[in-house]
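Contents: one structure, followed by commentary.
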Amino acid sequence: MSGRIEAAFAAAKAEDRAAFVPYLTAGHPDRAGFLEAVRALRPYADLIEIGLPYSDPLGDGPTIQRSSEAALAAGVRTADVLDMIRTVRAETDVPLLVMTYYNPIFCYAGGGEAGFVRDVAAAGADGLILPDLPPEEAETLIDAARAADLATTFLLAPTSTDARIAAVTAACRGFVYAVSVTGVTGARDALPADVPALVRRIQAASDLPVAVGFGVSGAATARPVADAADGVVVGSALVRTLAEGGDLAALAAEIAGACRRTPVAG
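Okay, so the sequence shown: first residue is 0 according to numbering that gives the first Met the number 0, each after it adds one.
Written as structure tokens, this is what we have:
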């Protein structure tokens, strides 16, 4: 692993805050707009998650689905995403995480799994987030990712058993992604009260940082997550703000500020 991911979480921990991990869909609203959005988020981001547009997502809610549909309709393909990653990497050392379903990897014209991880790493990414690939079926991909110095992150849910947590964390490198709700992505007004308990269960099984995503929409939802977890992932709220022409930097600043942990009284 390049070390950027580890360093980013360590820096946030040293400052007593959770790392802020914003998500954007590559090529949305268009190539130039995506790159400008990344630049707007960069001053506040500890890591940046870049979604590879995909037509048949399992975990994405309507906001991110629409952004993927728009990018695909505009002709954005994997090669274009790699080119955008190269552009971002040339401008920043912030860790870049590619969120992708398995089908684009399996069908990658540049050589399937091995070619995909080779080209993603060469473009400057640091890791893959794999929402629909069970670790038990990812052995060859994990091996290829290790060889290419890419971290692999799999997802855990509130319904994950302790045995499942042990299996998934063993396959992760970089960090573990905890899904806050039993549903799809999307901004919510509040998150389940058992998110801290889920984080503690994962932390008991692994020394890797735990980032929580799905449902965080602003400071009110980011703050309790930051008190419990090592990272806060925000996608739909940012994608929606971008699509509506809102102030992306202002929302990022608000969420990044809420990632600072609440002092404990006494």
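Backbone N, C-alpha and C fix where the C-beta goes; we use that ideal spot for every residue, glycine too. Every value quoted in this text rests on a predicted model; they were computed, and no experiment measured them.
- The straight-line gap separating the alpha-carbon atoms of I201 and L154 is approximately 11 Å.
- The Cβ atoms of D131 and Y101 lie closer than 7 Å to each other.
- It is roughly 27 Å from the alpha-carbon of T91 to the alpha-carbon of L140.
- DSSP assignment within the region 61-107 yields the following whole beta strand (DSSP E) runs of 3 residues or more, N-terminal first: 95-98.
- By alpha-carbon distance to R3, the top candidate from L23, D45, R38 and E35 is D45.
- The straight-line gap separating the alpha-carbon atoms of A192 and A73 is approximately 40 Å.
- Per DSSP, reduced to three states, the secondary structure at L40 is helical.
- Distance from the CA atom of Q64 to the CA atom of L51, rounded to whole angstroms, is 11 Å.
- For I128, the closest C-alpha among the options A156, R172 and I164 is that of R172.
- Excluding the 5 residues flanking it on each side, R41 has same chain C-beta neighbours closer than 7 Å at T91 and V93, in chain order.
- DSSP places P21 outside any alpha helix (DSSP H); the residue lies instead in the beta strand (DSSP E), whose first and last residues are A18 to T24.
- 7 Å or more divides the Cβ of V231 from the Cβ of V238.
- Bounds of the beta strand (DSSP E) holding A150 are A150 to L155.
- Check the Cα spacing between P21 and each of E253, E112 and D82: the tightest is with E253.
- L81 sits close to D118, with the two beta carbons spaced by under 7 Å.
- Shown here, L129 sits in a strand according to DSSP, grouped into three states.
- In the DSSP assignment, E5 falls within the alpha helix (DSSP H) that extends over R3 to A13.
- Note on geometry: alpha-carbon atoms of T168 and D226 lie some 21 Å from one another.
- Rounded to whole angstroms, I47 and T86 show a C-alpha spacing of 14 Å.
- Under a 10 Å Cβ-count criterion, D229 is classified as buried, with 16 or more other Cβ atoms of the shown protein chains found around its own Cβ.
- Boundaries of the beta strand (DSSP E) harbouring V232: G230 to V233, taken from the DSSP string.
- According to DSSP, E48 shares a beta bridge with Y22 and L96.
- Contact check for F33 and M83: beta-carbon distance about 6 Å, within the 8 Å limit, so the pair qualifies.
- Apart from the 5 residues on each side of it in sequence, A144 sits with its Cβ closer than 6 Å to the Cβ of V116 and T151 in its chain, given in chain order.
- Taking a C-beta distance under 7 Å as the contact criterion, V175 and F213 do not qualify as a contact pair.
- For G109, the CB contacts under 6 Å within the same chain, skipping 5 residues up- and downstream, are D118 in chain order.
- Residue environment analysis places P208 among the buried positions, since at least 16 neighbouring C-beta atoms fall within 10 angstroms of its C-beta.
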